[in-house]
Amino acid sequence: MKKKLPITKNKDVVVSWVYTWSKQQDMSIHEQRIVLRILEACQAELKGVKLKDYAGTKRKFEHGLWDVDAQMHVSDVIFSGRDYNEIIAALDSLAGRFFTYEDDEEWWKCGFISNPKYKKRTGIITFRVSNDLWDVFTKFAKGYREFELNKALALPTGYSLRFYMLMSGQVYPLDISLENLKDRLGIPADKYKDKNGKDRIDHFEERVLKPAKAALDESCPYTFNYVKVRENPNNKRSKVTGFRFYPVYQPQFRDEELEGKELQAKVTARYQIDSHVYE
DNA sequence: CCGAATTGATTTACATAGTC
DNA sequence: GACTATGTAAATCAATTCGG
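Residues in the first sequence are numbered consecutively from 163, following the working numbering.
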């Protein structure tokens, strides 16, 4: 029986992503990197780079019947030092997380990864990614250019990535309270406040909003503008309670449109391989 | 009573000092 | 050096008071 793969507009996938990701606020930076490495592999695949040859010998992503077998080196996830307790903690935690997908047609849920392994002393980690999840990742990766992905990997904070996820597919302006925004970005509620507990909007803007916006402006298909939302909208000096984000679509950075045909061919080719196996 | 000036409160921009 | 916390002055609006 041929498995019906979800055929959904990229936008829907991205929305699904945002939804899921927003629930992963406590995901550690190492877990995030693992997820991003998977995304990276999806992009490589989209670009037609054979996974086997991708990034040297240590990294492998091989398609199986139900899963993608992934192999990488600890240094792909943990940049400084190599404490295997850390990588085990990250794999363990990530294996306990679930991705939920929903569109008009179907609903499903699966773990981010399964069968995580760490070979001691070699620094090699392996795990499996479900084909369903891989498909979603692939579609998401289409909207996220490689350059920016690398930047996200390097960012210890990952704010820009979260903003991207927040704004992708967003059509209307989005109001978010300061508390909610901090929550979504994984910033402790008491950060960016002075000792009296008052918000320092200036710092928040400087350290969080501006860098994220700058990163997205530079290379992403979706970015945003924002204005401050005040307690009393008529009073320009009243307290800032949140922000209103205006999504900005930058089609010049959307390679899906330009290379759409090529990408479609690549993806379809793999689908056909999968289909063949299923039948 | 009504508008103008003063006072008060609050936010922001800029600066400075401390920390890893 | 990058980041954080704190301080201070300028900006600016709301409320109050003043003068006619």
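Where is the CB? At the ideal position from N, CA and C, for every residue including glycine.
Under 8 Å between C-beta atoms of K372 and T385: Here K372 is not near T385, since their CB atoms are 8 Å or more apart.
Where the alpha helix (DSSP H) containing I250 begins and where it ends: 246-257
Contacting residues, own chain, Cβ-Cβ under 8 Å from P335 (five flanking each side not counted): Contacts found: R406, F407, Y408, P409.
Cβ neighbours of D379 in the same chain (closer than 6 Å, five flanking residues each side left out): T385
Backbone CA spacing between L340 and V333 [nearest angstrom]: L340 and V333: Cα-Cα distance of roughly 21 Å.
Boundaries of the beta strand (DSSP E) in which I275 is found, first to last residue: Unbroken run through I275: none, as it is neither H nor E.
Validate contact between the region 223-239 and the region 196-209 using beta carbons, cut 8 Å, 3 pairs: Below 8 Å, enough C-beta pairs join the region 223-239 and the region 196-209 to call them touching: three or more.
Continuous alpha helix (DSSP H) stretch holding D364: start and end: 363-366
Under the three-state DSSP convention, the category E268 falls into: coil
Per-residue DSSP class, three states only, for L227: In the three-state reduction of the DSSP assignment, L227 falls in the coil class, being assigned neither a helical nor a strand state.
Spatial neighbours of H235 in its chain, beta-carbon cut-off 8 Å, leaving aside the 5 residues before and after: K220, R221, G285, I286, I287
DSSP-derived helix/strand/coil call for K390: strand
Where V239 falls: helix, strand or coil (DSSP): coil
Own chain residues within Cβ distance below 6 Å of L253, not counting five before or after: P278
Proximal residues to G258 (C-beta, below 8 Å), its chain only, five neighbours per side dropped: G273
Three-state class that DSSP yields for Q412 in the structure shown: coil
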